[in-house]
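For the sequence shown, the working numbering gives the first residue as 11, with consecutive numbering after it.
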Amino acid sequence: MSRMPTTPTTHHHRFASFLAIVFIVLSLPLAAGGIWLLTLGGSAYYLVAALGLLLTGLMLRGGQAAALWVFALLLLSSLVWSLWEAGLDWWPLAARLDLLFVLGLLLLLPWVTQALGTPVRHASARRGGGLLLSVTLLTSLAVAVASWFHDPHDLEGALPVSQGGLVARGEPIRGVAPGEWHAYGRTGFGQRYSPLDQITADNIDRLAPAWHFHTGDLRGQPGDPVETTFEVTPLKIGNKLFLCTPHQFVIALDATSGQQLWRFDPKIRDKLALQHLTCRGLGYQSPLQRSAEPALDALAAAAPQTSAAVDLPVAATGGATATADCKSKLFMPTADGRLIALDPETGSVCKRFGGGSGQIDLWNNMPNVRPGAYYSTSPPVVTRGLVIVGGTVLDNVSTHEQSGVIRAYDVETGGLVWNWDSGNPDDTAPIADGQTYTVNSPNSWSISSVDEELGMVYVPLGNQPPDQWGGNRSPAVERFSSAVVALDLGTGRLRWVYQTVHHDLWDYDVPSQPGLVDLTIGGERVPALVQPTKQGELFVLDRRTGKPLLPIEEVAAPQGASKGDFTAPSQPKSALSFDPPRLRERDMWGATMFDQLWCRVAFHRLRYEGRFTPPSTRGSLVYPGNFGVFNWGGVAIDPMREIVFTTPARLAFVSRLIPRPNDSSLVINKDNPPKGSLPALNENFGAPFAAELHPFTSPLGIPCQEPPWGMVAGADLETGKIAWQHRNGTVRDLSPLPLPFRMGVPSLGGPIVTAGGVAFLSGTLDYFVRGYDVSSGRELWRSRLPAGGQATPMTYLGADGRQYLLVIAGGHGSLGTKAGDSVIAYALPGGR
């Protein structure tokens, strides 16, 4: 007996029934979440939307044409509500309307409409509902298209092309030729400005790779911490490039061809207590910087040269050849706590430094010796016959970490000349044998700057661990934590201090190198210091005194710290600020209305009273988070135009305090204890609370706050006015599919600017190096990188007369960007 063929009407009913079930199923979690959000004082929209979906589904299941009317009204009201909350902002609109728009299209399929009642009785209802739904869909589409041409986060403007023909001011380190790059920020002023002008807005589109070198050093080796990163900015001296790799190799390359000239292996000891494994750069002593002042020579000669703190025999330098007297030196800080002096010509160690070994032991007189827990991730300052070194300590492991002392050594002998210990700030003479520096004092893990004419080194300081609880901090810590200090080059004594955060409970270390520049203020040339901060301020200070050049006001801060702690009544805010606007429920975001709803519920469950909301056991929303608006990449300053090129980021974090039962048990890491010698991060042994820290994201791993999350912006340093600001970067390398959506992503690694009027940045979380017009911020050029470019690029002049752009592409472990080992040089073909 043969089966009767299935009629089209049967197919229609089956599809409509299936779609009805989809509507009903979608309504259930939306209703549950909507009720939860209402009880927390949030929007009623999601509950109303859930009822609309449920009613539509029930009517579909019953074959009623009114389902089209109900859903059309739901979509129309959702469109109105979305515009009221988000305006013409595409990505917030998309998160609210994308699912509903797709469901509306499905409802208009003939398979659905023909299943809604008999043709005679319900034709007019179907036509009317279908017409209303069609018009609403077209209106939604029109609004979406309109939002593509409107960016409420975009600020159009222009910075001056020139400053009336001003001539270049003197270099802070004399003898740095325009085509060279002698320090992390090119000079000790830390401007990241190059006077080269071959590459311009008119020819930048012709930039192409000139050579590509692979270091052979990749993360993922035994003992590597998560944050193993390739963050170096190379130096260019003569026709040589000098760089260091994550695992501490030092490499010299021919700057024009990219050929390796020599490689030095410092033989880093294993089983280190590492939180980070990186090297941001090397220090360089030119032949002009050899002679120390006579008084410094005397101090260096009397200083101790060795210590039994850590066994570091000469063999630790890998059996490298040695040079008796190096005319110039490279200084390499190592992860096991050494500072090694190398001959730039050959890569051999400089024997005179360190009493014959070519190295000094930074664990000398250091408390709580634990190799790997303290070392200098950033390059030292080399100036006036001194090499000045700070160092990083473990964040949030314990209250008994190493000292954050700043030390100055003689560049020739390695003898200690002075030490500035914030726990004992008035005694800067070299510490005596058998004594130790102050335990757990604020450290300087970033890059310092120097003004030789004023005789000061400018040091950015971090917070005292633990970052989220400060009930037992000393008066010295309260004075110097999260501050920039100016120290006298000759004696190390404090000249001035400016604190950027009072009683820091948010890990708002001063992360960036201070930028030194002379500004025209009130018609006079004033030596200024520009200090970027994690909270988004750019403090512009007189670098002679630390007094503000742009206005700074104290703004009332939220109160109510955790048990045993307190909060500062106010916090400083600069007239030049990239502090993101305070978050609201309507700023929550997601790929769909469901994860957006999750984020809204999470937002209301967290404690949040704006910036500087104290950490809590309930969980506090910290915005901006400790990733920072600015981090170690800093900003780039054009001293000719007196402007700054910046890369502000916007990411919220969650900080939750967890009471500790004792000083030894694992709380945060109990389910996944650290392997080997790696530290137990965020445990805060010795404090009453451990700290749970993570980005504020949805279950899909997407930021709960709406984009943009990263921008480029330009500002006038004389007036403090932000001239332009644009979202920057795509989610191509952050999403499961390579979607080139320009949503604006954060950067880690700073920009540079050039006299050619272009800026370069490679640190975005998508794998591109980009060139920008400094005046307008317009993106002019981009080139795909083989890995994450989380480093600050540099530029130089090759022996062939061409200007090269040098980019590091090695990735960042904690950000999850692709690992690599690439050093890539770009140039214009044949020159200009």
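All C-beta atoms in this analysis are idealised placements derived from N, C-alpha and C, irrespective of residue type, glycine included.
For residue i and residue j, which I take to be in contact (beta-carbon distance under 8 Å), what is that distance rounded to the nearest angstrom?
| i | j | result |
| --- | --- | --- |
| tryptophan 734 | glycine 167 | 4 Å |
| leucine 93 | valine 153 | 7 Å |
| glycine 465 | leucine 504 | Going by Cβ atoms, the distance from glycine 465 to leucine 504 rounds to 13 Å, so no, they are not a contact pair. |
| alanine 701 | asparagine 406 | 6 Å |
| tyrosine 782 | lysine 246 | Contact doesn't hold; Cβ gap of about 22 Å is too wide. |
| leucine 747 | leucine 217 | Actually they do not touch by this definition, with Cβ atoms about 29 Å apart. |
| threonine 210 | isoleucine 261 | Incorrect: roughly 31 Å between the Cβ atoms, too far for contact. |
| glycine 400 | asparagine 453 | 6 Å |
| leucine 775 | leucine 825 | 6 Å |
Determine the DSSP secondary structure at residue i, reduced to helix, strand or coil.
| i | result |
| --- | --- |
| tryptophan 121 | helix |
| leucine 815 | strand |
| threonine 254 | At residue 254 the sequence reads cysteine, which differs from the threonine that was named. Three-state DSSP puts cysteine 254 in a strand. |
| tyrosine 56 | helix |
| isoleucine 834 | strand |
| cysteine 360 | strand |
| histidine 704 | strand |
| leucine 322 | With a pLDDT of 44 at leucine 322, under the threshold of 50, the modelled position of this residue cannot be trusted; read the value that follows with caution. Reduced to three states, the DSSP call for leucine 322 is coil. |
| proline 537 | strand |
| threonine 627 | coil |
| aspartate 461 | strand |
| arginine 794 | strand |
| glutamine 269 | coil |
| methionine 342 | strand |
| glutamine 715 | strand |
| serine 587 | strand |
| isoleucine 647 | strand |
| arginine 5 | Because the chain spans 11 through 842 in this model, residue 5 falls outside it and cannot be assessed. |
Grab me the residues of residue i's own chain with a C-beta within less than 6 Å of its C-beta, minus the 5 sequence neighbours each way, in chain order.
| i | result |
| --- | --- |
| serine 388 | Arg290, Ser456, Ile457 |
| alanine 77 | Thr66, Met69, Leu70 |
| threonine 288 | Thr239, Glu241, Pro256, Thr387 |
| valine 460 | Gly198, Val391, Thr393, Val467 |
| valine 58 | none |
Use the C-beta contact count for residue i: other C-beta atoms within 10 angstroms, 16 or more gives buried, fewer gives exposed.
| i | result |
| --- | --- |
| tryptophan 158 | exposed |
| glutamate 463 | exposed |
| asparagine 682 | exposed |
| threonine 555 | exposed |
| glutamate 564 | exposed |
| aspartate 215 | exposed |
| serine 674 | exposed |
| glycine 830 | buried |
| glycine 366 | exposed |
| isoleucine 31 | exposed |
| cysteine 432 | Looking at the sequence itself, residue 432 is serine, so the reference to cysteine does not match. Flag for serine 432 reads buried. |
| glycine 481 | exposed |
| lysine 337 | exposed |
| glutamine 285 | buried |
| aspartate 420 | buried |
Could you name the residues of the same chain whose beta carbon sits closer than 8 Å to that of residue i, not counting the 5 residues immediately before and after it, in chain order?
| i | result |
| --- | --- |
| leucine 749 | Thr740, Val741, Arg742 |
| valine 677 | Ile668, Arg670, Pro671, Glu693, Ala700 |
| arginine 106 | Ser88, Trp91, Ser92, Glu95, Ala96, Met603, Gln606 |
| glycine 600 | Ala105, Gln606, Leu607, Trp608, Cys609, Ser708, Leu710, Ile712, Cys714 |
| glycine 140 | Leu78, Leu118, Thr123 |
Closer than 7 Å by C-beta to residue i: which residues in its own chain qualify, once you throw out the five before and the five after it? Chain order, please.
| i | result |
| --- | --- |
| asparagine 434 | Thr448 |
| tryptophan 46 | Val611 |
| threonine 857 | Coverage of the chain is limited to positions 11 through 842, which leaves residue 857 absent and any answer about it impossible. |
| alanine 493 | Leu471, Val507, Tyr508, Gln509, Thr510, Val520 |
| proline 244 | Leu251, Phe252, Leu253, Met804, Leu816 |
Taking 7 Å as the cut-off, does the CB of residue i come closer than this to any heavy atom belonging to the ligand MG?
| i | result |
| --- | --- |
| threonine 331 | The model depicted lacks the ligand MG and carries no ligand whatsoever. |
_Stretch pair the stretch 646-654 + the stretch 78-87: three plus CB contacts closer than 8 Å_ = no
*asked:* For the stretch 533-551 against the stretch 566-575, do three or more pairs of beta-carbon atoms, one drawn from each stretch, fall closer than 8 Å, so that the two count as touching?
replied: no
*When the Cβ atoms of the stretch 658-677 are set against those of the stretch 625-640, are three or more pairs found closer than 8 Å?*
yes
*Is there contact here, the stretch 48-59 with the stretch 609-626, by at least three beta-carbon pairs under 8 Å?*
yes
*Hey, is the stretch 515-527 in contact with the stretch 410-429, meaning 3+ C-beta pairs nearer than 8 Å?*
no
_With three or more C-beta pairs closer than 8 Å as the rule, is the stretch 219-238 touching the stretch 487-502?_
no
*Validate contact between the stretch 805-825 and the stretch 759-770 using beta carbons, cut 8 Å, 3 pairs*: yes
_Count Cβ pairs between the stretch 750-764 and the stretch 684-698 that sit closer than 8 Å; are there 3 or more?_
no
*Hey, is the stretch 817-836 in contact with the stretch 797-805, meaning 3+ C-beta pairs nearer than 8 Å?*
yes
*Would you check if the stretch 202-209 and the stretch 342-352 touch, i.e. whether three or more CB-CB distances between them fall below 8 Å?*
no
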